[in-house]
Amino acid sequence: MSINDMLRGWDMTLYFYTGIVLILNFTFSLIDSQFPQSMVDMKFILNTSLYDISLTSMLATMTINFGPVLGLLYKYGNRQLITVLVLLTMALANTAIPFTTHISQLFVIEFFYGCTFGAWSSVVNVWIIELWQHRCTQVLFICQLLVGLGSVLGAVLTSQYLTTDKQLLNSDHGLNIRNDVRLAKVYERRTTLEVPFVMTGATHTLCKGNGI
Numbered sequence: 224m225s226i227n228d229m230l231r232g233w234d235m236t237l238y239f240y241t242g243i244v245l246i247l248n249f250t251f252s253l254i255d256s257q258f259p260q261s262m263v264d265m266k267f268i269l270n271t272s273l274y275d276i277s278l279t280s281m282l283a284t285m286t287i288n289f290g291p292v293l294g295l296l297y298k299y300g301n302r303q304l305i306t307v308l309v310l311l312t313m314a315l316a317n318t319a320i321p322f323t324t325h326i327s328q329l330f331v332i333e334f335f336y337g338c339t340f341g342a343w344s345s346v347v348n349v350w351i352i353e354l355w356q357h358r359c360t361q362v363l364f365i366c367q368l369l370v371g372l373g374s375v376l377g378a379v380l381t382s383q384y385l386t387t388d389k390q391l392l393n394s395d396h397g398l399n400i401r402n403d404v405r406l407a408k409v410y411e412r413r414t415t416l417e418v419p420f421v422m423t424g425a426t427h428t429l430c431k432g433n434g435i
């Protein structure tokens, strides 16, 4: 059998949409691994405690449970349009993290991020099962493999732009640093941390725009 005969026997649309879903799941895991890595820097940027920063992450984890409820909208609306809105909200929420100036803003961002995280996590598996049906096992395995790979690469990328806790060894709030010096260091940390968040957010948005 020639290659052309083999290609004619394949449903190229099936492979195309599967590839798009896998790429989106990979870029999704890239952005999902960033905030935990940057908690210490965000503590300094927002002049708060690590406890408060951790609460925002806990809020995101709790609101993930709203995702499947949000996924019910797929029954009543255009699936592609809803998915675009979900992924766009997720990318914008994650990208906005280093731009926040108050802990309350971070809570709002993590709320929306958690909801969209849960919605995407529920719909991606349903899509793969619908596309591949009884042959979905291998594709689901590849999907989760890409999630793991993206989580590692996202953490490695973000770690290159972290200042961590080097200058906060004596104080949880950085009170031992003069205010003018602290503001200068906040600006430095913020602008440095913006780079990986914007990079992954743009990558996720571009993949979404080209794929769905």
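In the working numbering, the protein residues as written are 224 to 435.
A virtual CB, placed ideally from N, CA and C, is assigned to each residue, including glycine.
As the structure is a prediction and not an experimental result, all values here were calculated from the model.
(message) Looking only at its chain, what residues have a beta carbon closer than 7 angstroms to the beta carbon of Asn248, apart from the 5 residues adjacent to it on each side?
(response) The residue you call residue 248 lines up with position 25 of the sequence shown. Cβ within range, chain order: Val347, Cys366, Leu369, Val370.
(message) Could you compute how far the alpha carbon of Gln303 sits from the alpha carbon of Ile243?
(response) Along the sequence shown, one-based indexing puts residue 303 at 80. Along the sequence shown, one-based indexing puts residue 243 at 20. One C-alpha to the other measures close to 12 angstroms.
(request) Report the option in Phe334, Gln383, Met422 whose CA atom is closest to the CA atom of Thr312. (result) For the purposes of this step, residue 312 is taken as the residue at position 89 of the sequence shown. Taking only the C-alpha atoms, the option nearest Thr312 is Phe334.
(message) For Ile326, which residues in the same chain have their Cβ closer than 6 angstroms to its Cβ, ignoring the five residues on either side in sequence?
(response) For the purposes of this step, residue 326 is taken as the residue at position 103 of the sequence shown. Answer for Ile326: Leu269, Thr271, Asp275, listed in chain order.
(request) Please go through the same chain and pick out, in chain order, the residues whose beta-carbon is closer than 7 angstroms to the beta-carbon of Ala342, but skip the five residues on each side of it. (result) If you number the sequence shown from 1, residue 342 lands on position 119. Here the set comprises Gly290, Leu293, Gly294, Val309.
(message) Taking its Cβ as the centre, do 16 or more other Cβ atoms sit within 10 Å of Tyr299, making it buried, or is it exposed?
(response) Taking the sequence shown and counting its residues from 1, the one referred to as residue 299 is at position 76. Exposed, by the Cβ-count rule.
(message) At the level of alpha carbons, what is the spacing between Thr236 and Asp264?
(response) The residue you call residue 236 lines up with position 13 of the sequence shown. The residue you call residue 264 lines up with position 41 of the sequence shown. Computed Cα separation, rounded: 44 angstroms.
(request) Taking Phe322 as the reference, give the member of Phe258, Tyr238, Phe251 with the closest Cα. (result) Mapped onto the sequence shown, residue 322 falls at position 99. Out of Phe258, Tyr238, Phe251, Phe258 has the C-alpha closest to the C-alpha of Phe322.
(request) Starting from the C-beta of Thr324, find all residues in its chain whose C-beta is less than 8 angstroms away, skip the five residues before and the five after it, and write them out in chain order. (result) Taking the sequence shown and counting its residues from 1, the one referred to as residue 324 is at position 101. Same-chain partners within the cutoff: Leu269.
(request) Between the Cα of Lys408 and those of Cys430, Leu273, Ala319, Leu385, spot the shortest distance and give me the residue it belongs to. (result) Stepping through the sequence shown from its first residue, residue 408 is reached at position 185. When only C-alpha atoms are compared, the closest one is Leu385.
(message) Taking 8 angstroms as the limit between beta carbons, can you name the residues of its chain near Arg413, skipping five residues before and five after?
(response) On the sequence shown, position 190 is the one that residue 413 refers to. Cβ neighbours of Arg413 beyond the five flanking positions: Ile268, Pro321, Phe322.
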